[in-house]
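Chemist: The numbering of the sequence shown is numbering that gives the first Met the number 0, which starts it at 0 and goes up by one.
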Amino acid sequence: MKPRPNILLIVSDDHATSTISCYGSQMNQTPNIDRIGNQGMRFNNAFCTNAICTPARASILTGKYSHRNNVYTLGDVIDQTEQPTLPQYLHRTGYQTAVVGKWHLGLREKSKPDGFDYWSVFAGQGRHLNPEMVEMDTPRSFDGYSADVIADQSLNWLRSRQKERPFFLMSTFKATHDPFIPNPKDLDLYTTDVPEPLSLFDDYQNRAAAAEMSTQRA
0 MKPRPNILLI VSDDHATSTI SCYGSQMNQT PNIDRIGNQG MRFNNAFCTN
50 AICTPARASI LTGKYSHRNN VYTLGDVIDQ TEQPTLPQYL HRTGYQTAVV
100 GKWHLGLREK SKPDGFDYWS VFAGQGRHLN PEMVEMDTPR SFDGYSADVI
150 ADQSLNWLRS RQKERPFFLM STFKATHDPF IPNPKDLDLY TTDVPEPLSL
200 FDDYQNRAAA AEMSTQRA
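(1) Which of helix, strand or coil does DSSP assign to residue 10?
(2) Three or more C-beta pairs under 8 Å: does that hold for the segment 116-136 against the segment 32-46?
(3) Report the rounded CA-to-CA distance for residue 118 versus residue 162, giving the unit in angstroms.
(4) Hey, which unbroken runs of the alpha helix (DSSP H) at 4 residues or more fall wholly within the segment 160-206?
(5) Check for me: the alpha helix (DSSP H) holding residue 57 runs from which residue to which?
(6) For residue 140, collect the residues of the same chain with a Cβ closer than 6 Å to its Cβ; drop the 5 residues on either side in sequence, then sort them by chain order.
(7) Leaving aside the five residues before and after residue 190 along the sequence, list all residues of the same chain whose C-beta is less than 8 Å from its C-beta, in chain order.
(8) Using 8 Å as the threshold, is the segment 89-96 in touch with the segment 59-79, meaning 3 or more CB pairs across them?
(9) Let me check understanding here. Comparing Cα to Cα, which of 100, 156, 105, 142 lies closest to residue 57?
(10) Considering only their Cβ atoms, is the gap separating residue 9 from residue 170 smaller than 7 Å?
(11) Where residue 74 and residue 53 are concerned, what is the direct C-alpha to C-alpha distance, given to the nearest angstrom?
(12) If you count every other CB in all the chains shown that lies within 10 Å of the CB of residue 2, and 16 or more means buried, which is it?
(13) Does the distance from the C-beta atom of residue 37 to that of residue 165 stay below 7 Å?
(14) Run through DSSP, which three-state label would residue 139 get?
(15) When the Cα of residue 76 is compared with those of 180, 91, 82, 109, which residue comes out closest?
(16) Please check the pair residue 175 and residue 13, which I expect to be a contact at CB under 8 Å, by giving their CB distance rounded to whole angstroms.
(17) Quick one: measure Cβ to Cβ for residue 125 and residue 145, integer angstroms, because I've assumed they're closer than 8 Å.
(18) Would you kindly work out how many angstroms separate the C-alpha atoms of residue 217 and residue 196, rounded to a whole number?
(19) Alpha carbon to alpha carbon, how far is residue 31 from residue 0?
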């Protein structure tokens, strides 16, 4: 029987392609992402199924559009008893599975990570510095920057996993999500000012239809 591939799914939150150097950014240098793109396949016409966090994550897990998986807004939670998810399927077929980082799909009985042998996720949106996480139903506090914490936990799991089984690991990072708080060790990485896009602090103030539906009232 042909060996099954190991799968590492890396998610960077709210990370626009315009800020990745292999997609043409002249300001942001992302050598590690570039290396992955250069050694693999770079999708130039791939689009997110939903513009906001929770519904997009639900689409990744279920392979369905939001109107099919019933996760429409940031306040919704996923019900994994109503529909199969990618980790559930892989786990049933013998994969060793884990998710580390931002989940943001709820931590109730039906919405907490399911189909994973190991999980350690933010309780909600999560913090950039000294994040609090829930590891297999147990709250834990970590010192350091969230991206480093997530990377270290992911590596620890990879080192301790059962090597005879294929693995599926979701490492979901928050660093590119507002509020924009960089890792303290990277504060001097750029010597020039980073230009702020005009839409950086945009809201619904001049968008009547969106404002009427939103919770971010103008």
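For every residue, glycine included, the Cβ atom is placed at its ideal position computed from N, Cα and C.
Modeler: So, to answer that:
(1) Residue 10 falls in the strand class under three-state DSSP.
(2) As far as the Cβ criterion goes, the segment 116-136 does not touch the segment 32-46, which means the pair count is below three.
(3) Roughly 18 Å separates the two Cα atoms.
(4) Runs of the alpha helix (DSSP H) inside the segment 160-206: none found.
(5) Per DSSP, the continuous alpha helix (DSSP H) segment holding residue 57 begins and ends at 52-61.
(6) 131, listed in sequence order.
(7) When the five nearest sequence neighbours on each side are left out, no beta carbon in the same chain lies closer than 8 Å to the beta carbon of residue 190.
(8) Under the 8 Å Cβ criterion, the segment 89-96 does not count as touching the segment 59-79, having fewer than three qualifying pairs.
(9) Closest by alpha carbon: 105.
(10) At the C-beta level, residue 170 and residue 9 come within 7 Å of one another.
(11) Whole-angstrom Cα-Cα distance: 8 Å.
(12) Exposed, because fewer than 16 other Cβ atoms sit within 10 Å of the Cβ of residue 2.
(13) For residue 37 and residue 165, no; Cβs fall outside 7 Å.
(14) Reduced to three states, the DSSP call for residue 139 is strand.
(15) Between residue 76 and the set 180, 91, 82, 109, the nearest pair of CA atoms involves 109.
(16) Contact holds; Cβ gap of about 5 Å.
(17) That pair is a contact at about 6 Å.
(18) Here the model assigns residue 217 a pLDDT of 42, short of 50, so the residue's position is not dependable, and the following value carries that caveat. Approximately 21 Å between the Cα atoms of the pair.
(19) Our two residues, residue 31 and residue 0, have alpha carbons roughly 33 Å apart in a direct line.
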